[in-house]
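Numbering (this note's numbering), first residue to last: 391 to 555. Where is the CB? At the ideal position from N, CA and C, for every residue including glycine.
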Ligand SMILES: [Ca+2]
Ligand SMILES: [Ca+2]
Ligand SMILES: [Ca+2]
């Protein structure tokens with residue numbers, strides 16, 4: 391256990407590592423760290439839920455974004471579809487936390503990334519106002535497929551990557 395062993399509000403265990411969520415919104419990881427699954431990427435703040443995978447870790451932020459670290463991001467082997475991982479954390483935590491979880495690439499907000507999302511993705515890219523009018527409950531940042539914080543042409547390749555996973 392890491393010290394100080396205090397202030398935890400949630401825990402989640404991976405296969406060989408553990409995650410603790412602290413009241414201040416930070417995450418502590420300890421245990422087997424062969425893939426960096428214990429190394430929470432900065433900024434280590436704002437987390438409201440955590441989930442330990444076998445060799446990777448997921449954190450859900452208060453703003454609804456999901457951060458993944460460990461095995462997932464290094465791609466040593468074919469990772470599970472990123473968006474499916476998001477849904478898993480949503481399924482377990484959404485009811486109790488009422489956090490709107492974003493699924494990257496899901497532009498029509500049916501919780502899956504499919505070819506149906508191509509139309510709304512193009513709309514989000516070319517006409518954000520029109521997109522917001524057509525999908526008022528769907529965050530346009532779902533189109534930020536490369537996760538750099540904006541929606542622009544760079545996201546096209548990442549979107550295709552999500553589609554074809
Ligand atoms: Ca969709
Ligand atoms: Ca982007
Ligand atoms: Ca960009």
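For residue j and residue i, the rounded distance between their alpha carbons
i           : j           : result
residue 404 : residue 493 : 22 Å
residue 439 : residue 413 : 11 Å
residue 514 : residue 425 : 35 Å
residue 436 : residue 507 : 29 Å
residue 407 : residue 459 : 13 Å
residue 543 : residue 497 : 15 Å
residue 546 : residue 420 : 36 Å
residue 539 : residue 394 : 33 Å
residue 432 : residue 392 : 18 Å
residue 443 : residue 553 : 23 Å
residue 429 : residue 523 : 40 Å
Close beta carbons around residue i, own chain, < 6 Å, minus the five adjacent residues each side
i           : result
residue 410 : 398, 401, 418
residue 461 : 425, 445, 446
residue 499 : 528
residue 449 : 417, 437, 440, 457
residue 549 : 495, 511, 535
Segment limits, beta strand (DSSP E) that includes residue i
i           : result
residue 437 : 437 to 442
residue 504 : Run containing residue 504: none; DSSP gives neither H nor E here.
residue 458 : 456 to 460
residue 408 : 407 to 412
residue 449 : 446 to 451
residue 399 : 398 to 403
Own chain partners of residue i with C-beta closer than 8 Å, once the 5 adjacent residues on each side are dropped
i           : result
residue 541 : 514, 515, 518, 530, 531, 533, 534
residue 551 : 535
residue 434 : 416, 417
residue 423 : 407, 429
Status (buried if at least 16 other CB within 10 Å, exposed otherwise) for residue i
i           : result
residue 504 : exposed
residue 453 : exposed
Close beta carbons around residue i, own chain, < 7 Å, minus the five adjacent residues each side
i           : result
residue 521 : 510, 513, 514, 530
residue 451 : 436, 437, 438, 457
Cβ-heavy atom distance, residue i to ligand 4, below 8 Å
i           : result
residue 401 : Questions concerning ligand 4 fall outside what the structure shown contains, since the ligands it does hold are ligand 1, ligand 2 and ligand 3.
Uninterrupted alpha helix (DSSP H) stretches inside the region 513 to 550 (no shorter than 4 residues)
518 to 524
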